[in-house]
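Numbering (my numbering), first residue to last: 91 to 601.
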């Protein structure tokens, strides 16, 4: 077994373990009661490791330099870490300890002699939880869909472990018009979006702004992870009020991936954050057969005044007007043609409909600009976002970009392709990704989980946004570069943006 070669590492897995980029996923489970970790080793051996052979494998190179997964014996105790903080402190103190600890492990690299995952048991209570269980998994093991499926295999419904967890349905029928004009429009949009994406990856770099330092090595700098919750019921009210909800299934709580775009305008006396929290579907034409059930949570604005003493974290110069600053969001879209999560046994089949691994693509989306003299009108941005989405849905840029990466890998190798991906990330201002979670409360070994969130780390950007749905809530996690972005203030801006768009939308006159 020690010498068994399982399978070649996927192309994306090779990119994410290259010399230029190493990306991991952190998933945090928040517990209602103090954590009982007495069964940790047993659960890992009997439940977690059997989920996928990659969890008990090393990544090795053969004599030709190609990477493979090699099965090894795993000592689970080497993968479990339980930090010790000072005892008898306040909840606020332990909140800071947790934040610092997440920042610390986000910068740490996995040991090459061990399987690429870790579990961190934080037994100290914070203001919102009695304890936290932190999974850190390397992105080469799988994408958000795969890793979430693995995580859910370890959990049960809290109300009745015998019943399966359920998820929002994604089986929406999308009508498209394939007349000649639409075909020409799709072709033009595809060429334009693909060409712009290539230019963004090679030569067009976003401006330095209060949310983008643009420095080399930003992925090695400490970050702060903050989170906030939005009610899916409120989101549905927004969509219904604005008559932008084209969904046909009323029972669905979330039928979308998320586009949360942040822009900014700087004025000598003001800093204005443009946040988007508009809920718009991104329909991909059925003929493309890619990301066909994907929707986006798109952007809007909120004005936030920053005092003179606080501006230094966002921008050093007080004389530059950045109303025309170029900012781009890189949206990660699941490219599986799926309705819901599949079982692990189904995902690992050779001809699986929704295979295990990294099955996603990048989509460049420009952040809306706002001149200093422009009025703050959230609903006008909703309508503008709808126009953008209608055009994006006609584009085959996702397919063309995937083909480009594959061609580059075959001609130049995975290292050169990884450099291209690294530059793609570095040239943009933020990455946004989304994972769908269950509708019911979960439990781990009969211990109820009150909340959860995820964060991608090791990305060469100053801002990372991830969204996870769970029990009728959207949990948004913000990974912000320390000494550049004031994390608490930034989080409050996002909350203000949601409140602003919700208030404007529910008072929007019926049509």
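The beta-carbon is built from N, C-alpha and C at its ideal position, and this holds for glycine as well.
Source: prediction; values computed, not measured.
Taking just the CA atoms, how far does residue j sit from residue i?
i	j	result
residue 481	residue 122	44 Å
residue 506	residue 495	10 Å
residue 197	residue 169	17 Å
residue 501	residue 510	13 Å
residue 578	residue 117	21 Å
residue 391	residue 417	Low local confidence applies: a pLDDT of 28 at residue 391 is under 50, so the model's placement there is unreliable, with the coordinate-based value given in what follows. Distance between the alpha carbons of residue 391 and residue 417: 15 Å.
residue 233	residue 513	20 Å
residue 132	residue 220	22 Å
residue 155	residue 140	28 Å
residue 557	residue 104	25 Å
residue 420	residue 524	12 Å
residue 231	residue 594	43 Å
residue 174	residue 544	23 Å
residue 275	residue 485	9 Å
residue 222	residue 320	21 Å
residue 329	residue 243	33 Å
residue 562	residue 532	13 Å
residue 327	residue 209	38 Å
residue 364	residue 591	Residue confidence for residue 364 is low, a pLDDT of 32 falling below 50, so the modelled location carries little weight; the figure read from the coordinates is stated next. Using only the alpha carbons, I get a separation of about 12 Å.
residue 354	residue 303	In this prediction, residue 354 has a pLDDT of 28, which is less than 50 and means its spatial position is unreliable; nothing more can be read from the coordinates.
residue 503	residue 490	18 Å
residue 293	residue 147	38 Å
residue 184	residue 120	14 Å
residue 349	residue 585	Its pLDDT being 32, under 50, residue 349 is placed unreliably in this model, and the coordinates cannot settle the point.
residue 273	residue 515	31 Å
Any idea what DSSP makes of residue i, helix, strand or coil?
i	result
residue 546	strand
residue 328	helix
residue 102	helix
residue 301	coil
residue 57	An answer regarding residue 57 cannot be provided, because it is not within the stretch 91 to 601 covered by the chain.
residue 256	coil
residue 294	coil
residue 561	coil
residue 537	strand
residue 163	coil
residue 185	helix
residue 509	helix
residue 138	helix
residue 485	coil
residue 174	coil
residue 375	With a pLDDT of 32 at residue 375, under the threshold of 50, the modelled position of that residue is not reliable, and no figure is offered here.
residue 591	helix
residue 576	coil
residue 457	coil
residue 585	helix
residue 90	For residue 90 there is no data in the structure shown, the boundaries of the chain being 91 and 601.
residue 283	helix
residue 611	Because residue 611 is not part of the residues shown, which for the chain are 91 to 601, the question remains open.
residue 500	helix
residue 386	The predicted model places residue 386 with a pLDDT of 33, which falls under 50 and marks its position as unreliable, so this point remains unresolved.
With distances taken Cα to Cα, identify the nearest neighbour of residue i among the options.
i	options	result
residue 189	422, 569 and 451	569
residue 200	595, 149 and 558	149
residue 207	165, 531, 108 and 524	165
residue 115	300, 240 and 592	240
residue 535	101, 113, 455 and 130	130
residue 487	217, 307, 516 and 289	289
residue 180	213, 153 and 217	217
residue 194	251, 309, 242 and 278	309
residue 587	573, 209, 325 and 508	325
residue 172	161, 182 and 225	225
residue 186	306, 248, 215 and 161	215
residue 257	589, 576 and 530	530
residue 452	157, 273, 287 and 204	287
residue 313	582, 552, 581 and 119	552
residue 316	576, 589 and 597	576
residue 178	282, 163, 213 and 202	213
So what does residue i bridge to, in DSSP terms?
i	result
residue 169	For residue 169, which the question treats as bridged, DSSP gives no partner whatsoever.
residue 553	570
residue 221	121
residue 207	227
residue 316	568
residue 452	422
residue 247	532
residue 321	563
residue 150	158
residue 212	222
residue 115	227 and 546
residue 107	112
residue 97	159
Is there a C-beta anywhere in chain D that falls below 8 Å from the one on residue i?
i	result
residue 296	No chain D appears in this structure, which consists of one protein chain only.
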